[in-house]
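Before any comments, here is the structure.
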Amino acid sequence: MVGSGIGAERGILIRSGEAIQTFKDIKVMVLDKTGTITRGEPKLTDVVTAEGIEETDLLQLAATVENASEHPIARAIVEGARERDIKPGDVADFRSTGARGVSGTVDGKTVLIGNRRLLAEEGVSGLEALDEALQDLENQGRTAVIVARDSQACGIVAVADTLKDESVAAIRAMHDEGLHVVMITGDNERAANAVAREVGIDEVRAGVLPEGKVDAIRELQKKYGNHVAMVGDGINDAPALKQANVGIAIGAGADVAIEAADVTLVRGELSGVVDAMVLSRATFRKIVENLLWASGYNIAVIPVAAIGLLHPMIGVVAMTASSLSVIGNSMLLRRRYAKERH
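The sequence shown finishes on residue 435 if you use this note's numbering, and the numbering steps up by one all the way, no holes.
What follows is the structure in structure tokens.
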């Protein structure tokens with residue numbers, strides 16, 4: 094109770110005592126990228142057109158189809174187009190392929206937007222002419238999607254998300270606690286690695302589809318044992334948060350993710366992860382101290398009472414004093430937590 098109260102004061106909501114005890118043994122911290130390491134507010138940064146395509150036409154196509162999607166990248170493309178006075182048109186037969194891309198019909202022509210793998214699988218031509226620009230954008234940490242019309246590549250639209258202010262320091266603190274930090278993202282490998290280098294991530298798993306996050310957690314659990322925690326914020330993260338030994342949700346994230354998690358970071362700051370781990374260790378040490386004290390008291394006093402050498406009233410007073418000492422020791426958790434945190 095005291096540990097949960099200290100956590101709540103610091104914006105760390107812990108749903109169960111089991112989560113407090115499990116957290117101290119975590120060896121691997123898995124982080125979702127968008128909305129966890131980054132702000133989750135990408136902005137349109139680059140527009141690269143294929144030969145014979147106007148930039149306004151390309152943005153018009155992209156914004157029209159993406160306007161039917163709620164994905165953060167889609168919102169960034171639509172807002173970026175509007176900032177350039179380009180209004181989305183009407184789209185029919187809209188379809189989303191999850192993290193890979195979207196498609197729809199615009200003015201009777203099929204428009205497909207997504208990563209290179211998806212467009213190659215759909216038989217889109219003209220991709221080779223865009224490869225160099227695509228690679229350059231991804232090396233800069235941009236998330237780039239290709240726009241195709243009637244199976245012909247029209248160009249690239251790229252967005253970028255900024256890091257949260259505390260991400261670098263928080264991940265460094267995780268390393269100081271001995272954690273192996275893994276980033277899981279649906280982004281392409283080059284863009285994911287660019288972000289990982291900037292924040293100091295140990296391992297990157299890029300191009301992971303939403304349903305693949307659970308499998309990734311299971312793989313890590315097989316490798317490191319039941320000592321894997323995950324931090325996420327989206328609807329797609331909920332199954333993986335449930336699979337992890339400790340699921341941690343960003344407070345500003347989706348309600349489904351928060352409901353699936355064992356711990357919620359109300360302020361949405363990754364630094365809360367390390368605070369929760371330190372609190373877990375301090376709390377468990379107090380539990381052990383209280384258990385040893387109570388066990389020692391009973392081992393010493395019960396035999397004396399059994400042979401009739403302990404007056405019942407003295408036993409009542411001694412038992413009350415024992416309970417009060419355990420409560421008092423628990424209240425000292427605040428001091429221990431402050432010491433271990435620094």
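Positions of the beta carbon are idealized from the N, C-alpha and C atoms, including for glycine.
Quantities reported herein were computed from a predicted structural model and do not represent experimental measurements.
{"Check": "Three-state secondary structure assigned by DSSP to Glu304", "Outcome": "coil"}
{"Check": "First through last residue of the beta strand (DSSP E) which encompasses Asp125", "Outcome": "Val121 to Asp125"}
{"Check": "Burial state of Leu302 (16 or more Cβ within 10 Å)", "Outcome": "exposed"}
{"Check": "Local conformation of Ser109 per DSSP, three classes", "Outcome": "coil"}
{"Check": "Strand pairing of Lys202, partner residues [DSSP]", "Outcome": "Val199"}
{"Check": "Reduced DSSP secondary structure (H/G/I, E/B, other) of Glu259", "Outcome": "coil"}
{"Check": "Assigned exposure category for Leu385 - 16 Cβ within 10 Å defines buried", "Outcome": "exposed"}
{"Check": "Beta-carbon contacts of Gln314 that lie in its chain and below 6 Å, excluding the five residues immediately before and after", "Outcome": "Val321"}
{"Check": "Pairwise C-alpha distance: Ala167 and Glu214", "Outcome": "21 Å"}
{"Check": "Presumed contact (8 Å Cβ cut-off) between Glu231 and Leu363, rounded CB distance", "Outcome": "About 24 Å separates the two Cβ atoms, so there is no contact after all."}
{"Check": "Below-8 Å beta-carbon distance, Thr203 vs any chain D residue", "Outcome": "The chain inventory of the structure shown lacks chain D, comprising one protein chain alone."}
{"Check": "Glu362 (DSSP reduced to helix, strand or coil)", "Outcome": "coil"}
{"Check": "Whole runs of the alpha helix (DSSP H) within the segment 286-352, excluding any shorter than 4 residues", "Outcome": "305-317 and 331-336"}
{"Check": "Other residues of its chain near Pro332: CB distance less than 6 Å, five sequence neighbours each side excluded", "Outcome": "Val307"}
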